[in-house]
Amino acid sequence: MLDKRFILENSEVVQENCNRRGVKVDVARFVELESQRRKLQAEVEELSRQANVVSKSIGQAKDDAERDARKEEGRRIRERKEEITADMERLTAEAGAIHNAMPNLTHPEAPVGGEDASKELCRGNAAVRPFGFPVLDHVQIAEQHDLIDFEGGARVAGHGFYFLKNEAALLELALQQYAMDRLVREGFSPTITPDLARGDVLKGIGFIPRGPETQIYSVENHDLNLVATAEITLGGLYAGQVIEAEKLPIKLCGISHCFRTEAGAAGRASRGLYRVHQFTKVEMFAFTLPEQSDGMHNYFRDLECEIFDGLGIPYRVLDIATGDLGGPAYRKFDLEAWMPGRGNGGEYGEVTSASNCTDYQSRRLDIRYKVKGEKGTHYVHTLNGTAVAISRALIAILENYQQADGSIVVPEVLRRWVGKERIGGNGI
RNA sequence: GGUUGGGUGGCCGAGUGGUUUAAGGCACCGGUCUUGAAAACCGGCGUGCGGGAAACCGCACCGGGGGUUCGAAUCCCUCCCCAACCGCCA
Numbered sequence: 151m152l153d154k155r156f157i158l159e160n161s162e163v164v165q166e167n168c169n170r171r172g173v174k175v176d177v178a179r180f181v182e183l184e185s186q187r188r189k190l191q192a193e194v195e196e197l198s199r200q201a202n203v204v205s206k207s208i209g210q211a212k213d214d215a216e217r218d219a220r221k222e223e224g225r226r227i228r229e230r231k232e233e234i235t236a237d238m239e240r241l242t243a244e245a246g247a248i249h250n251a252m253p254n255l256t257h258p259e260a261p262v263g264g265e266d267a268s269k270e271l272c273r274g275n276a277a278v279r280p281f282g283f284p285v286l287d288h289v290q291i292a293e294q295h296d297l298i299d300f301e302g303g304a305r306v307a308g309h310g311f312y313f314l315k316n317e318a319a320l321l322e323l324a325l326q327q328y329a330m331d332r333l334v335r336e337g338f339s340p341t342i343t344p345d346l347a348r349g350d351v352l353k354g355i356g357f358i359p360r361g362p363e364t365q366i367y368s369v370e371n372h373d374l375n376l377v378a379t380a381e382i383t384l385g386g387l388y389a390g391q392v393i394e395a396e397k398l399p400i401k402l403c404g405i406s407h408c409f410r411t412e413a414g415a416a417g418r419a420s421r422g423l424y425r426v427h428q429f430t431k432v433e434m435f436a437f438t439l440p441e442q443s444d445g446m447h448n449y450f451r452d453l454e455c456e457i458f459d460g461l462g463i464p465y466r467v468l469d470i471a472t473g474d475l476g477g478p479a480y481r482k483f484d485l486e487a488w489m490p491g492r493g494n495g496g497e498y499g500e501v502t503s504a505s506n507c508t509d510y511q512s513r514r515l516d517i518r519y520k521v522k523g524e525k526g527t528h529y530v531h532t533l534n535g536t537a538v539a540i541s542r543a544l545i546a547i548l549e550n551y552q553q554a555d556g557s558i559v560v561p562e563v564l565r566r567w568v569g570k571e572r573i574g575g576n577g578i
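If you read the first sequence in this note's numbering, its first letter stands for residue 151, the second for the next number, and so on.
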């Protein structure tokens with residue numbers, strides 16, 4: 151959510167920003183409604199002031215006649231106030247709907263355009279391997295080694311659910327350990343987060359908890375929803391709080407299960423583990439001072455690169471174009487890992503995403519900071535980034551590390567947790 | 001799931017219809033004292049919105065919403081949340 155005063159004073163900038171991001175918003179209409187609303191608010195406040203004066207005078211009235219006259223006057227003033235308040239509330243509702251639809255401002259360096267305009271910034275250390283044998287995709291590999299049971303998942307919970315088995319289960323734990331271990335050494339506070347959250351928290355982060363378009367599973371008869379990412383719970387952790395400035399930046403990392411309905415995603419490339427209703431993710435989150443958020447964003451991106459370089463997986467880094475940014479993001483970097491079994495001869499597939507949401511989420515969640523000795527408070531900046539989304543990382547590992555003999559080499563950094571160097575093949 | 005008690009400023013906490021302009025304390029800021037610090041003392045100090053160059057002024061805010069009243073932190077209704085205990089349970 152943008153600062154209303156900023157919108158009023160910079161309506162052309164805001165309109166231009168919405169256009170670039172492909173969001174249809176009538177900023178001029180908002181300015182008109184909001185200006186009118188402010189006028190009415192001033193009137194309401196003036197009537198309140200008069201009514202307060204009258205009420206106070208009643209306590210000191212000399213006799214009943216005067217008291218009754220004053221009461222009547224107070225009643226009249228408040229009636230008029232009610233009428234104007236009703237008008238004001240109509241304007242507030244309409245202006246609020248427009249305000250709510252406005253996306254965040256955009257980083258000046260973010261490439262302008264649609265999805266195709268996203269710009270490749272760099273590639274990882276590992277080169278794409280030449281395979282001298284027919285490449286299998288992760289579904290085939292998993293079947294060969296009894297690693298994933300999609301049929302069992304479907305029987306229990308329907309399409310999009312699965313059981314990880316054997317080394318795949320160990321790999322999930324290993325990836326969690328690997329990512330958490332790395333982040334803790336960077337000074338992140340490790341957390342295990344709730345997998346459900348209240349509707350207000352979801353909305354504050356920028357998700358829509360209910361309704362036909364929702365990506366979120368919600369629990370019947372409760373204001374609770376299965377989280378789509380630990381970004382929701384980590385961001386919500388400080389909702390309504392005022393943080394002392396010297397405690398910033400706060401860096402958290404959290405493990406959660408992530409649940410997504412994937413409504414409307416039917417037909418898109420989604421074989422196997424790529425697009426599922428549940429997966430596990432290690433997430434980074436930070437609360438920062440405004441001047442720290444750009445640096446923190448680059449830091450998140452670099453950590454994601456380090457993590458995938460450590461796994462030895464080829465990837466590219468994208469600076470996401472304006473038209474493809476979600477509402478809260480000011481700028482977003484994605485890592486796309488090379489998935490040799492994807493598409494026809496391999497494709498890059500998104501494995502992580504790091505967003506700087508500036509004060510867009512903190513305004514909705516009411517997360518502020520206070521500088522010692524200064525008056526007033528300011529909104530913090532929030533950032534989130536994927537350390538490891540297990541399901542997609544598994545795809546990349548299985549497909550990139552497959553060998554001519556059908557075995558899969560376990561990435562070196564994960565061996566201490568998986569307990570072996572190779573899945574299948576000679577090592578069976 | 002049951003019972004009881006709660007929700008008041010950054011924190012603790014008083015406050016049963018108008019002397020509350022939300023007491024008091026902690027923390028914080030400034031000052032006096034001191035070689036320095038601590039202590040003590042004096043003063044300041046909530047958030048948001050609007051107006052103003054500023055000093056400052058106005059309005060709103062005591063979990064959310066609604067109601068009674070000239071006037072509500074206070075009374076009524078309703079919802080939410082938190083805690084403790086009991087039951088069940090990994």
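Quick reminder that beta carbons are idealized off the backbone N, C-alpha and C, glycines included. If you're wondering where the values come from, they're calculated on a predicted model, not measured in any experiment.
- Along the region 473-520, the alpha helix (DSSP H) occurs as fully enclosed runs of 4 or more residues at 510-515, listed in sequence order.
- The DSSP-derived three-state label of H407 is strand.
- With a cutoff of 7 Å on beta-carbon distance, H447 and G310 are scored as not near each other.
- The region 481-492 and the region 504-511 touch, with no fewer than 3 CB-CB distances between them shorter than 8 Å.
- Pairing K353 with A389, the inter-Cα distance amounts to about 12 Å.
- For R466, the uninterrupted beta strand (DSSP E) run begins and ends at 465-469, by DSSP.
- I342 is classed as exposed because its beta carbon has fewer than 16 other beta carbons within 10 Å across all chains shown.
- L333 and I457 have their C-alpha atoms some 10 Å from each other.
- Cα atoms of G535 and A479: separation of roughly 12 Å, rounded to the nearest angstrom.
- P253 carries a coil assignment under DSSP once its states are collapsed to helix, strand and coil.
- A distance below 6 Å between beta-carbons, with the five flanking residues on each side excluded, links G349 to the following residues of its chain, in chain order: P359, D373.
- In this structure, DSSP gives Q391 a state outside helix and strand, which the three-state scheme calls coil.
- If you look at M434, you'll find it in the beta strand (DSSP E) that goes 428-438.
- G491 and F281 have their C-alpha atoms spaced approximately 11 Å apart.
- DSSP assignment within the region 517-548 yields the following whole beta strand (DSSP E) runs of 3 residues or more, N-terminal first: 518-520, 531-539.
- Spatial neighbours of V204 in its own chain (CB-CB distance under 6 Å, excluding positions within 5 residues in sequence) are listed in chain order as R220, E223, G224.
- One thing to note: K401 has its Cβ within 7 Å of the Cβ of G337.
- Secondary structure remark: continuous alpha helix (DSSP H) runs of at least 4 residues inside the region 235-317, in chain order: 288-294, 300-307.
- The C-alpha of I234 is placed about 46 Å away from the C-alpha of I470.
- For I366, the three-state secondary structure derived from DSSP is coil.
- Per the C-alpha coordinates, the member of R170, G386, V177 positioned closest to L515 is G386.
- When secondary structure is reduced to three states using DSSP, S557 falls in the coil class, being assigned neither helix nor strand.
- By the CB criterion at 7 Å, I545 and L423 fall inside the cutoff.
- Under the Cβ criterion (8 Å, minimum of three pairs), the region 511-526 does not count as touching the region 295-315.
- Contact between the region 556-572 and the region 310-329 is present, with at least three C-beta pairs closer than 8 Å.
- Contact between the region 430-448 and the region 229-243 is absent: fewer than three C-beta pairs spanning the two stretches fall below 8 Å.
- Counting the other CB atoms within 10 Å of its CB gives C403 a total of 16 or more, which places it among the buried residues.
- The Cβ atoms of V392 and K522 lie no closer than 7 Å to each other.
- Between the alpha carbons of A539 and S185 lies a distance of about 45 Å.
- Relative to R273, the option among V467, E394, G574 whose CA is nearest is V467.
- In the assembly as shown, G496 is a buried residue. Its beta-carbon has 16 or more other beta-carbons within 10 Å.
- The beta carbon of D176 lies closer than 7 Å to those of I248 in the same chain, with the five residues before and after it left out.
- Per DSSP, the continuous alpha helix (DSSP H) segment holding R565 begins and ends at 565-568.
- Between K431 and the set E441, L439, G556, T379, the nearest pair of CA atoms involves T379.
- Straight across, the Cα-Cα distance linking G172 with N254 is about 12 Å.
- With distances taken between CA atoms, N169 lies nearest to G264 out of K231, I227, G264, R155.
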